[in-house]
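Okay, so here's the structure we're looking at.
Chains as they are written, first to last, in my numbering: chain A, 26 to 137; chain B, 2 to 114.
Written out as structure tokens, the structure reads:
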């Protein structure tokens, strides 16, 4: 079945440093979504990418969908303590039943 | 309502008892998902509804777990004969269409003693 892996599993950065998490699918995706879960909270939808090679920005966050639509990345510029949390990608497969599979998540800790 | 709501927010039960968890999705959202999340872990998919039907029940851990959705709206997840390993946060999410962004409820924290 479809698997979605994220690396790294954990990341500690100094406030002000950049951060990137990578998402890799075993199958081609029709779209990729990104979510953020703050400690003690529930996942919050951030963005959806659909097109091959698509890049979208939300303030300090840059999201990218790979050309082959099997991988994606989230880059945060100049991290702040408010960026702390776990970032999940979720991919929808491109054939048959449109199943959405969540990635394993990357937990980000920002050191002030 | 403005968002997805779940009830109860916390449930403590004794091993062997049945529990019922409720999810009220965003009005008009046709897709509804149930997930389970243990402390510090990722999201474990349980079941997905499109309208009132469940095309994907593949994540239900055992036949003690069942779910239904009525009127294309409210969904209930039932766990029979609860076990200690069922302790987790149960999250519900809805989306306007299959494959769209999912909007999560606050979850139900289930503790089985």
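The beta carbon of each residue, even a glycine, is placed where N, CA and C say it ideally should be.
| Contact check, residue 98 of chain A vs residue 46 of chain A, beta carbons under 8 Å | Taking 8 Å as the Cβ cut-off, residue 98 of chain A and residue 46 of chain A qualify as a contacting pair.
| What are the start and end residues of the beta strand (DSSP E) that includes residue 110 of chain A? | 110 to 118
| query | Would you say residue 77 of chain A and residue 94 of chain A are within 8 Å of each other, going by their C-beta atoms? | reply | A contact, by the Cβ cut-off of 8 Å.
| query | Beta carbon of residue 117 of chain A, beta carbon of residue 100 of chain B: below 8 Å? | reply | yes
| query | Using the beta-carbon of each residue, which ones in chain B are nearer than 7 Å to residue 124 of chain A? | reply | 57
| query | With contact counted as at least three CB pairs below 8 Å, one residue from each stretch, are the segment 37 to 57 of chain A and the segment 59 to 72 of chain B in contact? | reply | no
| Where does residue 11 of chain B land, buried or exposed, given buried means 16+ other C-beta within 10 angstroms? | By the neighbour-count rule (16 or more Cβ atoms within 10 Å), residue 11 of chain B is not buried but exposed.
| message | Measuring only the C-alpha atoms, how far is residue 50 of chain B from residue 28 of chain A? | response | One Cα belongs to residue 50 of chain B, the other to residue 28 of chain A, and the distance between them is close to 21 Å.
| Can you tell which of A/40, A/79, A/87, A/64 has its C-alpha closest to the C-alpha of residue 71 of chain A? | Of the residues A/40, A/79, A/87, A/64, the one whose Cα lies closest to the Cα of residue 71 of chain A is A/87.
| From this set, B/35, B/21, B/112, B/63, which residue's C-alpha is nearest residue 56 of chain B's C-alpha? | Nearest option by C-alpha distance: B/35.
| field | Residue burial classification, residue 19 of chain B (beta-carbon count within 10 angstroms, cutoff 16) | value | The residue is exposed, with fewer than 16 neighbouring Cβ atoms inside 10 Å.
| Within chain A, partners of residue 104 of chain B - CB distance below 8 Å | 70
| If you drop the 5 nearest sequence neighbours on each side, which residues of the same chain put their C-beta closer than 8 Å to that of residue 109 of chain A? | 63, 64, 133, 134, 135
| Segments assigned beta strand (DSSP E), at least 3 residues, entirely inside the segment 25 to 61 of chain B | Listed in chain order, the complete beta strand (DSSP E) runs (minimum 3 residues) inside the segment 25 to 61 of chain B are 32 to 38, 45 to 51, 54 to 57.
| said: Within the continuous beta strand (DSSP E) that includes residue 133 of chain A, where are the two ends? | reply: Run containing residue 133 of chain A: 131 to 136, per the beta strand (DSSP E) assignment.
| request: Grab me the residues of residue 89 of chain B's own chain with a C-beta within less than 7 Å of its C-beta, minus the 5 sequence neighbours each way, in chain order. | output: 37, 38, 39, 111
| query | In terms of residues, what are the limits of the beta strand (DSSP E) holding residue 69 of chain B? | reply | 66 to 70
| message | At a threshold of 7 Å, does residue 132 of chain A count as lining the ligand FAD (C-beta to nearest heavy atom)? | response | Absence of the ligand FAD is noted for the structure shown, with no ligands found whatsoever.
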